[in-house]
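Respectively, the protein sequence lines represent chains A and B.
Quick note, the first sequence lines up with residues 1 to 212 if you use our numbering.
Quick note, the second sequence lines up with residues 213 to 437 if you use our numbering.
C-beta atoms are modelled at their ideal positions from N, C-alpha and C, and glycine is treated no differently.
Have a look at the structure below, then the notes.
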Amino acid sequence: MGWGSLPFMPHDHSHDDPHALLPSDPALRVKALETLLTRKGLIDPAALDEIIDTYENKIGPRNGARVVARAWSDPDFHAALMADATAVVSEMGFYGRQGEHMVAVENRPEVHNIVVCTLCSCYPWPLLGIPPGWYKSDAYRARAVREPRKVLADFGVVLPDETAVRVWDSTAEIRYLVIPQRPDGTEGMNEDALMDLISRDSMIGTALAGTP
Amino acid sequence: MSRLHDMGGRFGDGAVVPEAEDVIFHADWHPRALALTLAAGGLGQWNIDSSRHARERLKPTDYARFSYYEKWMGGLATLLVEAGIVTREELAGKAAPALSPLAERVLRANQVADVLAKGGPAERPSNIAPSFAPGDTVVAKQFAENTKISGGHTRLPGYAAGARGRVLRLHGSHILPDSHAHGTGEAPEPLYAVAFAASELWAHPEHPRDEVIVDMWQSYLKAAS
């Protein structure tokens, strides 16, 4: 038997990772998994729609902005939030998946806090929603702990020399919410007006609160 | 030695690119991948620690080339096969999908709000008393590796291994991922926020007073001598 008559030998995929058995195009891979799990009775596609609607339309950074605006406005609320953030945000209806153990960390002239998850992408979903692409990026995960000031510069934020940076690496199930400094010139503004100054990034620590 | 996911401090990744607050997903299949992962997790056949470990165990070449939600899909395929819920033949489209005995547990649309609101708290009572108090000086263990299982899951980042820090706060007792990820029990123990001076972690710290705070379980720490 000559070489030319050898049958074509495909690679033996039996020892490959399971994902390699699925289509290589990511969109088709997801579709194949959803179809398979639906046919096995393990997934209800209507439940997937509901989960997506929750994080696209119901849960997002306006929840966190409400908490920050109230902390800026109400000293008792502020004290309670700093003492036990989980209890306080739960009372506001912002308890849930990926926000089971909340800690609020406050920016002051002498310290600026920023949050990262170097090992994956832990993030306070009930208060801020799904993390932005940059938060999940290799660049942010790799650099935020070693050169937070250069990362802040990527966001256009430059801190004065008298401000120390505290980077919180979310390695456990504790989720950190940054309370940005209340900007000058906001005296007398109500909670709803203040919320407009509180961006998602300011509650991660990669931005400052806006100015009126 | 750790795995590719443990990237804190790594060089060469380039700029961080900010994006607008209303950008939630970047492709139509991203929300589908997210929802599929959450709904499959609701079957109760694995936990958050084993699912993180499934993503971390992707081959380094796959981990590096996969986008975020591709990693999720990769981890999910592994979990489904390892839990015996899906066969490799079904995944490959070579066998007709068989109705699963777990089908009675399927997450329905009207249960989603309750399930997401309920969450999965990790704080537990523990018979291990806290050894440290805020202000104590501690040293993180030498190797950022699972102590019991070679190549197993851990949440000690490599950059903090062996470093000297200061206990900032006690969070209570929490499930130990190093055990929970491998189905060997919750093994709750005290969890601390530990502050490390940037100069303790990096050869070229940006500022003498900058710090990195890492949440660490008691078994990751020893008292400073």
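Close beta carbons around residue i, own chain, < 6 Å, minus the five adjacent residues each side
i	result
B:Y280	none
B:T290	A266
A:P183	A209 and T211
B:L368	A356 and Y432
A:A142	none
A:V151	R143 and A144
A:G213	With chain A covering 1 to 212 only, the question about residue 213 of chain A has no answer from this structure.
A:L159	H112
A:R29	L22 and P23
A:Q181	N107
B:P342	L382 and P402
A:I130	Y55
B:L314	L255
Endpoints, the alpha helix (DSSP H) within which residue i is located
i	result
B:W258	First-last for B:W258: undefined, no H or E at that position.
A:L36	P26 to R39
A:E187	Note, A:E187: premise wrong, no alpha helix (DSSP H); not H, not E.
A:S202	R200 to I204
A:N63	P61 to S73
A:A46	P45 to D53
Residues near residue i by beta carbon distance below 7 Å, same chain, minus five either side
i	result
B:A334	H386 and I387
B:D225	none
B:S160	Residue numbering for chain B in the displayed model covers 213 to 437; residue 160 of chain B lies beyond these limits and cannot be assessed.
B:W258	L291 and A295
A:V103	A85, I174 and Y176
B:A308	none
B:P272	L216
B:M285	A245
Range covered by the beta strand (DSSP E) that runs through residue i
i	result
A:A85	A:A85 -> not in any beta strand (DSSP E); alpha helix (DSSP H) instead, spanning A85 to E91.
B:I425	E423 to W429
B:N379	Inspection of the sequence shows that residue 379 of chain B is occupied by Val rather than by Asn. Note, B:V379: beta strand (DSSP E), R376 to H386.
B:A435	L433 to A435
Distance between beta carbons of residue j and residue i, contact taken as under 8 Å
i	j	result
B:G331	A:G99	7 Å
B:F408	B:V379	Wrong, their Cβ atoms sit about 11 Å apart, outside the cutoff.
A:S170	A:V111	Their Cβ separation, rounded to whole angstroms, is 18 Å, which puts A:S170 and A:V111 out of contact at 8 Å.
B:A304	A:L33	In fact, because the Cβ distance is near 12 Å, the residues do not count as touching under 8 Å.
B:S338	B:P402	7 Å
A:A47	A:M195	Not quite, the Cβ-Cβ distance comes to about 31 Å (not below 8 Å), so this is no contact.
A:I59	A:P126	6 Å
A:F155	B:P230	5 Å
Residues of its chain near residue i, where Cβ-Cβ distance is below 8 Å and the 5 sequence neighbours each way are ignored
i	result
A:D192	A69
B:R317	G254, L255 and G256
A:L6	Note that A:L6 scores 40 on pLDDT, short of 50, meaning its location in the model is unreliable and no value can be drawn from it.
A:F77	R70, A71 and V88
B:R336	S385, H386, I387, E398 and P400
A:Y140	V116, W134 and V151
A:V37	Checking the displayed sequence, the identity of residue 37 of chain A turns out to be Leu instead of Val. Around A:L37: I43.
B:L413	G221, Y371, A372, A375 and V424
Quiz item: the segment 94-109 of chain A: which residues have C-beta closer than 9 Å to a C-beta of chain B, in chain order?
Solution: Y95, G96, R97, Q98, G99, E100, H101, V103 and V105
Quiz item: When Cβ atoms are compared, which residues of the segment 364-376 of chain B fall closer than 7 Å to chain A?
Solution: R367, P369 and Y371
Quiz item: In chain order, which alpha helix (DSSP H) runs of at least 4 residues are fully inside the segment 96-131 of chain A?
Solution: 125-128
Practice problem: For the segment 391-418 of chain B, list the alpha helix (DSSP H) runs that are entirely contained and at least 4 residues long, ordered along the chain. | Solution: 410-413
Quiz item: At a Cβ cut of 9 Å, what residues of the segment 316-337 of chain B count as close to chain A, listed as they run along the chain?
Solution: E316, R317, V318, L319, R320, A321, N322, Q323, V324, A325, V327, L328, A329, K330, G331, G332, P333, A334 and E335
Quiz item: Going along the chain, which unbroken runs of the alpha helix (DSSP H) with 4 or more residues stay wholly within the segment 267-327 of chain B?
Solution: 272-277, 280-294 and 300-303
Quiz prompt | Against chain A: residues of the segment 225-244 of chain B by CB proximity under 8 Å | solution = D225, G226, A227, V228, V229, P230, E231, E233, V235, I236, F237, H238, A239, D240, W241, P243 and R244
Exercise. Check distances from the C-beta atoms of the segment 28-55 of chain A to those of chain B and list, in chain order, the residues that come in under 8 Å.
Key: R29, V30, K31, A32, L33, E34, L36, L37, R39, K40, G41, L42, I43, D44, A46, A47, L48, D49, E50, I51, I52, T54 and Y55
Quiz prompt | Length-filtered (3 minimum) beta strand (DSSP E) runs lying within the segment 338-366 of chain B | solution = 349-352
Self-check item: Any beta strand (DSSP E) of 3 or more consecutive residues that is wholly inside the segment 131-174 of chain A
Solution: 164-169
Quiz item: Any residues in the segment 68-82 of chain A with a beta carbon nearer than 8 Å to a beta carbon of chain B? Which ones, in chain order?
Solution: none
Exercise. Taking only beta carbons into account, state which residues of the segment 162-177 of chain A come closer than 8 Å to chain B, listed in chain order.
Key: A164, V165, R166, V167, W168, D169, S170, T171, A172, E173 and I174
Quiz item: When you check each C-beta in the segment 253-278 of chain B against every C-beta of chain A, which residues fall closer than 9 Å?
Solution: G254, L255, I260, R264, R267, E268, R269, L270, K271, D274, A276 and F278
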